[in-house]
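Structure first, commentary second.
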Amino acid sequence: MSQAASLPWLASHEFRLGWRDWVSLMTAGGRRRARNAVIALIIFAAFMHVFAYWTVAAYANANLASDTATLVGLTGTLVLSWSLLLSQAMESVTRAFYARSDLDLILTSPASARKVFAVRMGRIATAAIAIAVLLAAPFINVLAFLGGSRWLGAYGVVAAMGAVATAAALALTIALFRVVGAKRTRLIAQIVAAVIGAAFVIGLQVAAIFSAGSLSRFTALQSDWTLRHAPVADSAFWWPARAVLGDYAALAAVLAFSIVFLAGSIALFSRRFGEHAVAAAGVSSTTVRQRRWSLAFRRRSAGRVLRQKEWALLRRDPWLISQTLMQILYLIPPALLLWITFGKGNDAFVVLIPVVVMAAGQLAGGLAWLSISGEDAPDLVATAPIAAHRVLAAKIEAVIGMIALIFAPLVGMMAFGEVYAALVCAVGILAAAAASTMIQLCFRVQARRSQFRRRQTSSRIATFAEAFSSIAWAATSALAAAQTWAALGAAVIALGLLAAIWLVSPSRA
Amino acid sequence: MNSQNFPVALALRGVSKRFDRPAVDALDLTVYGGEFYALVGPNGAGKTTTLRMVVGLLAPDAGSICIEGIDALSDPVAAKQLTAWVSDEPMIYDKLTPYEYLEFVAGLWRIEPAAAEARARELIGWLGLEPHAHERCEGFSKGMRQKVALAGALVHDPKLIILDEPLTGLDAGTARQVKNVLRERVHAGGTVIMSTHILEVAERMADRIGVIAGGRLIAEGTLDDLRRQTGETATSLEDTFLTLVAEQEAAA
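Chains A and B, in that order, give the protein sequences. All residue numbers for the first sequence refer to our numbering, where the first residue is 5 and numbers rise by one. All residue numbers for the second sequence refer to our numbering, where the first residue is 277 and numbers rise by one.
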C-alpha cells in the first residue's frame, strides 16, 4: 500500500473516483442497468466495427504512399479528431476548476495542492486518451486485421493526440484565467470549447461547399490550393500521419513529444491550478443587480407569469443560450450547401425546409428540458393554486413561443419567395417542436438547470427519440414542400414514432 | 391559549403513505386556526412525508386531508390557495431578484398587484432584505435564500403556513428573524405548522407539540400535557421527547 498523500496514493484515489463516476454514468446505479449497459456497450462496439469495416476496409491493404495528398488527407482527419478531443478536454479542465465537490477539502488539507492537482490533470488526460482510443479502436482493429500490424501504431498516435489535447486545454484554460479572469473564464472556455469542436468541421465544410459544391471536408483538403501550400513531404508536420502509416521512428517521436508536452504542462500549471481554483470559488458571490423601468407589480395571469419566468431565466443565462443555440451551428453547412446547390428558384425551399425543421426540433428539445425538467423551484410551482395541466400548458407555450420568436423571421423571409413553402415550414417547425416537447414530457426527471449538458445521459431513449422525431418531421416537411402525397406517409411515421415513445415512456408507468 | 375554541385549520384522518415500508401509518391530526403547531420526531419518523402530503407534493395512499374545511384531495387548487410551503432547502430562482421572485409568487397565487407589492415591501423590510432586493439570488447565502423563500411563502397572505425544518443551517440572527416573522403570523391569526428537530424552538414557540414516530402520532399537547404523559413533571422537552420515543420503540 502506498504512503498517504503520496502521488501514487492520490492517483489511486482519483482513478477510483473516476471509475465510479463512469460506472454511475453508464448504469445510473442500478444492478439491472449495469447488465443492460454492458449489453449495450457490446452491441455498440460490434456496430462500430461493422461501420469501421464499411468505411476503412478499402484502405487496409492499399499501398498508401507517403505522398503529399495522402499526408494532407490523413493529417486533416487527425486534426479534425484532435479538435474534438481538445474541445472535450477544455470542458473537463473548466469543470475541474469550478466543481466544488472536494476542492474545499483538498485546499484545506495539509496534502500538497500541487501534487493533488497534478494527479487530477493526469486523470483528465487519462480520460481523454481512453475516450480517444476507445472511439478509434474499431477503425484501427479493422485496418490491423485486414492490413497487418503496421496499423497498430495508430493506437500510439491516438493516445498522443489525447495527451496533447489535454496539455493544450490546460494551457488555453490557464491563459483564459489570466486574460479574462475567473468570473468570465467558465462561460468563455465552454463557448470556446464548443466553437473549437464545431469550427474546424464547419470551416472545412463551408470551404468545400464554396470550392466544389460538396459537403465533404476531404474536398477542401484535396484541393490544388491546399496541396500547393502544404509543407514538404519530409517535414516533421507529417510525423503523426507517417506514424499512422506504420513509420515507427515517427511514432516514437510523436509519443515522446506528447509525453513531454503533457508532463511539462502538468508540472508548469499544477501550482497555478490551486490559485485559479480558489479564484473560481469566489465567483459565485458576484452580485448582479437588475434594473427595470417600473418597480410596480404587474397584473398578469398565472400562465403568463410562468411563461415570462421561463423567458427571463433563459435570457439571463448566457451559458444556457450558448449551449442551446450551439446545436444550430452544425446546421449552417448543410443549409449553405443546399442554398448554393439549389439556390436558383423556389426549389431551394424544398431542401432548405427540412434543415430548418430539424433545427427547430433539436432546439425545442433543449428548451423543453430546461422548462419542464430543469425547474429550479419545483415545490413552489407544485404547491401553487394552479392545476398541474395549466402549469404544463404554460411551460409548453413558453417553449413554442421561443421557437416561434427564433424562426419567425426566417419563415417571414421565405414567405416573400413562396407563401406555400413558408406555410409548410411553419407547420413543420411547430410539429417538430411540439414532438420534441412531448418527448421531454414523457421522459421528464427533476434536475437542476445547471445539469443541462448532462441531460442526454439521463435518458438516452429520449435523446435518440428526439433526434429521430426531428428527422421524421424534417422529411415530412420536405415531401410536403415538394407537394407529394408521400408526405402523408412520412407524417404517419413521425406520429407512429411519437405513439411508440408514449407507450414506452416512464411517465406513463 | 385554548386553541380548540378556534375553527379547524387542518384535519388529517387515517392518512397513510407507504414507500418501501410504511412512512405514515393511519395518521389522525388536527390543527386549529391561529395555532403554532410543532411536529417533532426522530429521523425517518414521517414528519416530512406528512407535511408534503398536506401541501399536495405527495398523494396519500389512504385517508383524507381537509384544509380550512376544503377537501385538499378533491379540490387541491382551492386548498393550495390558502397554504404556503417552506422546505429546509430553499428552492428559488438564481437568476431572479427577491423582488421579482415575490412578484412571480404573487402572480401564481393571483394576488392583487398593489396589495402584493405592499406586502412584498413589508416582508423585504422585516427580513432585512432591502439592500439585496434587486440583486439576483445566485450569490446569496443559505440564510438569505431561506429568507427569500419565507417572504415568498408569506407574500400571498396564506391562512396556513407549513414549514419543514426551516431553521436548519441558519445563523442565530437569521433564525431569530424567521421566528419573529412566524410569531407575528400567528398573532395576526394565521396558522403555522412546523416540523423541527430543534426541540428548544418547539418548546418556546409552539402552542401545541405533536410527537411523531414510526409514522404515527404518539403524543400531542402542550409541553405540560406531554410531561404528564411521561409521568414526569420537571423535565425538558428533550427528556420528554426521548422518553416518549423510547416507549414507542419498546412497544413496536
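Ideal Cβ placement from N, Cα and C applies to all residues, glycine included. As the structure is a prediction and not an experimental result, all values here were calculated from the model.
Name the residue from B:Leu426, B:Gly290, B:Thr516 and B:Ala382 whose alpha carbon lies nearest to the alpha carbon of Glu476 of chain B.
B:Thr516
CA-CA distance, Gly421 of chain A and Ala495 of chain A?
25 Å
Integer Cβ distance of Gly378 of chain A from Ala451 of chain A, believed to fall under 8 Å:
Indeed, because the Cβ distance is near 6 Å, the residues count as touching under 8 Å.
DSSP has Tyr308 of chain B in a bridge; who is on the other side?
Beta bridge pairing from DSSP links Tyr308 of chain B with B:Val284.
At least one CB of chain B closer than 7 Å to the CB of Thr328 of chain A: is that the case?
no
For Ala489 of chain B, which residues does DSSP report across the bridge?
B:Arg492
Residues of the stretch 315–338 of chain B with Cβ closer than 9 Å to any Cβ of chain A, in chain order:
Arg328, Val331, Gly332 and Leu333
Less than 7 Å separating the beta-carbons of Leu259 of chain A and Val120 of chain A?
Leu259 of chain A places its beta carbon 7 Å or farther from that of Val120 of chain A.
Residues of the stretch 293–311 of chain A with a CB closer than 9 Å to any CB of chain B: list them in chain order, please.
Arg293, Gln294, Arg295, Arg296, Leu299, Ala300, Phe301, Arg302, Arg303, Arg304, Ser305, Ala306, Arg308, Val309 and Leu310
If contact means a Cβ-Cβ distance below 8 Å, which residues of the stretch 378–389 of chain A contact chain B?
Asp380, Ala381, Pro382, Asp383, Leu384, Val385, Ala386, Thr387, Ala388 and Pro389
In the DSSP assignment, what are the bridge partners of Val300 of chain B?
B:Lys293
Cut-off 6 Å between Cβ atoms - residues of its own chain near Ala476 of chain A, not counting five sequence neighbours on either side
Ile497, Ala498 and Leu501
If you measure between the beta carbons of Val468 of chain B and Ile437 of chain B, is that distance less than 7 Å?
yes
Per DSSP, what kind of secondary structure is Thr467 of chain B in: helix, strand or coil?
strand
Taking only runs of the alpha helix (DSSP H) that begin and end inside the stretch 417–480 of chain B, which ones reach a length of at least 4 residues, in chain order?
418–430 and 448–463
Sheet register partners of Tyr313 of chain B (DSSP bridge)
Beta-bridge pairing links Tyr313 of chain B to B:Ile469 and B:Arg484.
Determine, for Lys187 of chain A, whether the minimum Cβ-Cβ distance to residues of chain B falls below 7 Å.
By this cut-off, Lys187 of chain A is not an interface position.
Which same chain residues, not among the five before or five after Ile387 of chain B, have their C-beta less than 6 Å away from its C-beta?
A distance below 6 Å between beta-carbons, with the five flanking residues on each side excluded, links Ile387 of chain B to the following residues of its chain, in chain order: His432.
Pop quiz: Met94 of chain A and Ala173 of chain A are said to be a contact at Cβ under 8 Å. What is the actual Cβ separation, rounded to whole angstroms?
4 Å
Thr373 of chain B (DSSP reduced to helix, strand or coil):
coil
Could you tell me how far apart the beta carbons of Ala122 of chain A and Ile270 of chain A are, in whole angstroms, since I believe they sit closer than 8 Å?
Between Ile270 of chain A and Ala122 of chain A the Cβ distance is about 5 Å, and since that is below 8 Å, they are a contact.
Between which two residues does the alpha helix (DSSP H) harbouring Ile240 of chain B extend?
Because chain B here runs from 277 to 528, residue 240 of chain B falls outside it and cannot be looked at.
May I ask which residues mark the beginning and end of the beta strand (DSSP E) holding Ala338 of chain B?
Ala338 to Ile343
Using the rule of at least 16 other Cβ atoms within 10 Å of the residue's Cβ for burial, across every protein chain shown, is His393 of chain A buried or exposed?
So His393 of chain A counts as exposed.
Report whether the distance from the Cβ of Ala256 of chain A to the nearest heavy atom of the ligand COA is below 6 Å.
The ligand COA is not part of the structure shown, which contains no ligands of any sort.
Using the rule of at least 16 other Cβ atoms within 10 Å of the residue's Cβ for burial, across every protein chain shown, is Lys313 of chain A buried or exposed?
buried
Bounding residues of the beta strand (DSSP E) (the contiguous stretch that carries Trp361 of chain B)
Thr359 to Val362
Three-state class that DSSP yields for Asp347 of chain B in the structure shown
strand
Please check if any C-beta of chain A sits within less than 7 Å of the C-beta of Phe380 of chain B.
yes
Give, in chain order, every residue of the stretch 399–412 of chain B whose Cβ lies closer than 7 Å to some Cβ of chain A.
Answer set for the stretch 399–412 of chain B: His410, Glu411 and Arg412.
Give the C-beta separation of Val248 of chain A and Gly157 of chain A to the nearest angstrom, bearing in mind that I take them to be a contact with Cβ-Cβ under 8 Å.
7 Å
Nearest-angstrom beta carbon gap, Trp242 of chain A and Leu75 of chain A [assumed within contact, 8 Å]:
5 Å
For Pro142 of chain A, count the other beta carbons within 10 Å of its own beta carbon; 16 or more makes it buried, fewer makes it exposed. Which is it?
Pro142 of chain A comes out buried.
Consult DSSP for Glu422 of chain A and reduce its assignment to one of helix, strand or coil.
Looking at Glu422 of chain A - three-state DSSP - the assignment turns out to be coil, as it is neither helix nor strand.
Out of curiosity, what's the CA-to-CA distance linking Ser16 of chain A and Gln7 of chain A?
11 Å
Sub-7 Å separation of Ile410 of chain A and Val361 of chain A beta-carbons
no
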